[in-house]
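These notes are about the structure you will find just below.
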């Protein structure tokens, strides 16, 4: 979902 | 993943490894601000809370462990390793960095994308990372000169967020609705804080003289 997408950066 | 973000992560990893190597090899932390290192340890601790709950990729988890491990090791060396601690410049490293922590926490409670525990701490870590270099830059100005390893550390640290800005521009144009104002603004502020350091670093490199 959107969450994982936004938190894929370090 | 794109080349800008990969280059940014590699630059960031090298910056912390350069510093850790320097401290471990020559058993000295002269010219290094432990306050900046503590702020970075807090940044990683609050940003990577989801390391066990949400798995993104092997690379992502591996890099989080590298950043957590290196930042806490550097703080440990500077605070508790006798030989290294002796070279710590306590009189000059006097920036009241707890005020930075407090103000970033308050700001995160006010401005965030979602009001959840993880999201507020994640936002806090972005605000704190933007200003974490301040104690180090103040120490740099006080001690007037800087050994080249610390200079390389700061240069790489400033460069990594600049590469991330290119990554955000790239993702904005290639991914629909990729918009994250808080990340972008904090990343820009962070990079701008290094601007004058980059200027003097470039001058010292161009005139091939010691950075001071």
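Protein chains in written order, with our numbering: chain Y, 1 to 10; chain G, 1 to 212.
For glycine and all other residues, C-beta sits at the position ideal for the given N, C-alpha and C.
- In the structure shown, residue 204/G adopts helical secondary structure according to DSSP, grouped into three states.
- Distances from the CA of residue 37/G to each of 57/G, 141/G, 210/G, 131/G were compared; the closest alpha carbon is that of 131/G.
- Ranked by how close their Cα comes to the Cα of residue 99/G, the residues 35/G, 141/G, 158/G have 35/G in first place.
- The criterion of a C-beta distance shorter than 8 Å is not satisfied by residue 75/G and residue 28/G.
- With 16 or more neighbouring CB atoms inside 10 Å of its own CB, residue 190/G falls in the buried class.
- Residue 104/G has its alpha-carbon roughly 6 Å from the corresponding atom of residue 124/G.
- By the criterion of a C-beta distance shorter than 7 Å, residue 119/G is surrounded in its chain by 112, 113, once the five residues flanking it on both sides are discounted.
- Per the Cβ contact rule, the region 132–150 of chain G is not in contact with the region 45–63 of chain G (fewer than 3 Cβ pairs under 8 Å).
- Measuring C-alpha to C-alpha distances from residue 188/G to each of 199/G, 169/G, 90/G, 173/G identifies 169/G as the nearest.
- Straight-line spacing of the CA atoms in residue 122/G and residue 184/G works out to 14 Å.
- Here the alpha carbons of residue 126/G and residue 108/G stand approximately 9 Å from one another.
- The count of Cβ pairs closer than 8 Å, one atom from the region 146–156 of chain G and one from the region 82–96 of chain G, stays below three, leaving the stretches out of contact.
- The three-state secondary structure of residue 102/G, taken from DSSP, is helix.
- When secondary structure is reduced to three states using DSSP, residue 2/G falls in the coil class, being assigned neither helix nor strand.
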